[in-house]
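Asks: Pasting in a structure now, in structure tokens, and then I'll have a few things to ask.
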Amino acid sequence: MPIRRDDRGRYVEVEPRRTEETAWLRCRECGELVFRRKLKESNHICQRCGAYFFLTAHERVTSLVDEDSFEPLGLGATSLDPLEFVDRRPYQERLEEAQAITGLNDAILVGRGTLDGCPLVLAVMDFRFIGGSMGQVVGDEIAAALERCAQEEVPFVLVVASGGARVQEGMVSLLQMAKTVAARNVLAEAAVPFIAVLTYPSSGGMLASVGSLADITIAEQGAMIGFAGPRVIEQTTGERLPAGFQTASFALEHGMVDQVVTRESLRAELTRALSVLQGGSHG
Ligand SMILES: [Zn+2]
3 MPIRRDDRGR YVEVEPRRTE ETAWLRCREC GELVFRRKLK ESNHICQRCG
53 AYFFLTAHER VTSLVDEDSF EPLGLGATSL DPLEFVDRRP YQERLEEAQA
103 ITGLNDAILV GRGTLDGCPL VLAVMDFRFI GGSMGQVVGD EIAAALERCA
153 QEEVPFVLVV ASGGARVQEG MVSLLQMAKT VAARNVLAEA AVPFIAVLTY
203 PSSGGMLASV GSLADITIAE QGAMIGFAGP RVIEQTTGER LPAGFQTASF
253 ALEHGMVDQV VTRESLRAEL TRALSVLQGG SHG
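Those letters in the sequence shown? Residues 3 to 285, per the numbering used here, in order.
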């Protein structure tokens with residue numbers, strides 16, 4: 003990997019900048035190489051072992067809301083790189099690459115739409131954008147969406163796909179946990195429904211804040227749900243973890259989620275949950 007000096011004179015490795023995604027993906031469960039275009043035809047589910055590949059934010063939105071009903075509401079902001087952070091590469095460079103690949107300003111896509119004719123505001127995270135991590139922009143977007151929903155009395159649906167807080171923003175990223183929780187309380191005071199959908203992965207600061215505070219929490223099959231990774235926990239506690247730890251069904255058995263649903267049935271279950279929360283008749 004080529005080396006260059008950053009603007010503080012330190013040597014950093016420079017990975018070649020990517021502006022488009024690779025054509026092949028490896029299944030994290032069975033190791034099979036899958037052609038990305040083929041994956042679209044199978045609803046992004048591995049044909050060999052049934053593992054779920056994550057959806058992009060745009061794919062998720064399309065799979066959930068009524069056709070042509072989605073209208074983006076994003077604030078349009080980009081990260082200010084408050085620490086001028088550099089690890090193997092400058093944070094700024096990672097941001098630009100993620101923006102080019104995802105077509106998003108940051109790791110979340112927010113908009114309004116309808117689901118079976120019912121209006122809602124939807125915030126969907128994109129794992130391709132620096133692991134779906136929550137920095138200031140993601141925090142601002144979620145808080146603004148929650149406050150808008152409280153004001154307009156429209157239900158809020160958050161689809162989590164996040165590795166946690168964005169380390170490149172340091173303390174600023176941790177503050178987003180408190181901010182989104184405060185905004186969630188504004189929605190609760192307005193008695194407006196909030197549904198969280200936890201997908202692969204739902205972890206770290208996102209799970210330890212607004213991601214765990216919905217009225218109804220639905221886990222998509224194949225989700226990984228847990229604050230820290232299993233290896234970190236085993237190394238810290240010196241104990242072996244139980245089988246199936248951090249899977250969606252484990253979270254259901256231990257009361258962390260209300261329901262586990264397949265990707266195919268998520269839309270119907272969301273409709274049902276919204277209907278129940280709004281006092282509809284077909285709950
Ligand atoms: Zn597989």
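We put the beta carbon where it would ideally sit given N, CA and C, even for glycine.
Is the stretch 203-221 in contact with the stretch 234-241, if contact means three or more CB pairs nearer than 8 Å?
Replies: Output reads no: the stretch 234-241 does not touch the stretch 203-221.
Asks: Could you name the residues that DSSP lists as bridge partners for G113?
Replies: Position 111 of the sequence shown, counting from 1, holds the residue named residue 113. G113 is bridged to P74 and L124.
Asks: Could you tell me which whole beta strand (DSSP E) segments of length 3 or greater appear in the stretch 35-88?
Replies: You should have 35-37.
Asks: For S175, which three-state DSSP category applies?
Replies: Within the sequence shown, residue 175 is the residue found at index 173, counting from 1. Three-state result, S175: helix.
Asks: Cα separation between K42 and A79?
Replies: Counting from one through the sequence shown, the residue named residue 42 turns up at place 40. Counting from one through the sequence shown, the residue named residue 79 turns up at place 77. About 30 Å.
Asks: Classify G105 as buried or exposed, calling it buried when 16 or more other Cβ atoms lie within 10 Å of its own Cβ.
Replies: By 1-based counting over the sequence shown, the position of residue 105 is 103. Classification for G105: exposed.
Asks: Buried or exposed: where does F37 fall if 16 or more other Cβ atoms within 10 Å of its Cβ makes it buried?
Replies: Translated into positions along the sequence shown, residue 37 becomes position 35. The residue in question, F37, is exposed, as its Cβ has fewer than 16 Cβ neighbours within 10 Å.
Asks: Assuming G113 contacts F72 (C-beta within less than 8 Å), just tell me the rounded distance between them.
Replies: Position 111 of the sequence shown, counting from 1, holds the residue named residue 113. Position 70 of the sequence shown, counting from 1, holds the residue named residue 72. Correct: roughly 5 Å between the Cβ atoms.
Asks: Taking the alpha-carbon of T264 as reference, which of M258, Q223, G119 and A193 has the nearest alpha-carbon?
Replies: Position 262 of the sequence shown, counted from the first residue, corresponds to residue 264. The candidate whose alpha carbon is nearest that of T264 is Q223.
Asks: Report yes if the C-beta of E31 is less than 6 Å from at least one heavy atom of ligand 3; otherwise report no.
Replies: Within the structure as shown, ligand 3 is missing, the only ligands being ligand 1.
Asks: What first and last residue would you give for the alpha helix (DSSP H) that runs through H229?
Replies: Locating residue 229 in the sequence shown gives position 227, counting from the first residue. Checking the displayed sequence, the identity of residue 229 turns out to be Phe instead of His. No alpha helix (DSSP H) contains F229, which DSSP labels as neither H nor E.
Asks: Between the beta-carbon of P182 and the beta-carbon of I144, is there less than 7 Å?
Replies: The sequence position of residue 182 within the sequence shown is 180, counting from 1. The sequence position of residue 144 within the sequence shown is 142, counting from 1. It should be noted that the sequence gives Thr, not Pro, for residue 182. Closer than 7 Å, so yes.
Asks: With which residues is F129 paired in a DSSP beta bridge?
Replies: Your numbering for residue 129 matches position 127 in the sequence shown. None, per the DSSP bridge assignment.
Asks: Does the stretch 187-202 come into contact with the stretch 229-237, if we say contact requires no fewer than three beta-carbon pairs (one atom in each stretch) closer than 8 Å?
Replies: Not touching, per the Cβ criterion.
Asks: Going straight from the alpha carbon of I66 to that of S205, what length do you get?
Replies: The sequence position of residue 66 within the sequence shown is 64, counting from 1. The sequence position of residue 205 within the sequence shown is 203, counting from 1. First, the amino acid is wrong: residue 66 is Leu here, not Ile. The alpha-carbon atoms of L66 and S205 are separated by roughly 22 Å.
Asks: For ligand 1, is there any heavy atom lying closer than 6 Å to the beta carbon of E43?
Replies: If you number the sequence shown from 1, residue 43 lands on position 41. No, ligand 1 has no heavy atom inside 6 Å of this Cβ.
Asks: With respect to the alpha helix (DSSP H) encompassing E99, which residues constitute its N-terminal and C-terminal limits?
Replies: Walking along the sequence shown from the start, residue 99 turns up at place 97. Segment Y93 to T104, the alpha helix (DSSP H) holding E99.
Asks: Could you give the first and the last residue of the continuous beta strand (DSSP E) run that contains R274?
Replies: Numbered from its first residue, the sequence shown carries residue 274 at position 272. Here R274 belongs to no beta strand (DSSP E); instead the alpha helix (DSSP H) covers L268 to L279.
Asks: Which same chain residues end up closer than 6 Å to V139 when comparing Cβ atoms and leaving out the 5 residues on each side of it in sequence?
Replies: In the sequence shown, residue 139 corresponds to position 137, counting from 1. Around V139: A79, S81 and D108.
Asks: Which residue wins for smallest C-alpha separation from C51, given the options R28, D68, T58 and V63?
Replies: If you number the sequence shown from 1, residue 51 lands on position 49. Of R28, D68, T58 and V63, the residue nearest in Cα terms is R28.
Asks: Out of D83, H256, G115 and A270, which one is the CA nearest neighbour of P74?
Replies: Indexing the sequence shown from 1 puts residue 74 at position 72. Comparing Cα positions, the closest option is G115.
Asks: How close, in whole Å, do the beta carbons of G134 and D128 come, if the pair is a contact with beta carbons under 8 Å?
Replies: Translated into positions along the sequence shown, residue 134 becomes position 132. Translated into positions along the sequence shown, residue 128 becomes position 126. With a Cβ gap of about 6 Å, G134 and D128 count as contacting.
Asks: I'd like the list of long-range same chain contacts for A100, defined as Cβ closer than 6 Å, with 5 residues on each side in sequence excluded.
Replies: Stepping through the sequence shown from its first residue, residue 100 is reached at position 98. If we look at A100 and ignore the five residues flanking it on each side, its Cβ neighbours are F131 and I132.
Asks: By the DSSP assignment, the alpha helix (DSSP H) with A253 in it spans what residues?
Replies: Within the sequence shown, numbered from 1, the residue matching residue 253 stands at position 251. Element bounds for A253: A250 to E255.
Asks: I need the straight-line Cα distance from A152 to Y54, nearest angstrom please.
Replies: One-based indexing of the sequence shown puts residue 152 at position 150. One-based indexing of the sequence shown puts residue 54 at position 52. Approximately 33 Å between the Cα atoms of the pair.
Asks: Could you check where the alpha helix (DSSP H) with A145 kicks off and where it finishes?
Replies: On the sequence shown, position 143 is the one that residue 145 refers to. Element bounds for A145: Q138 to E154.
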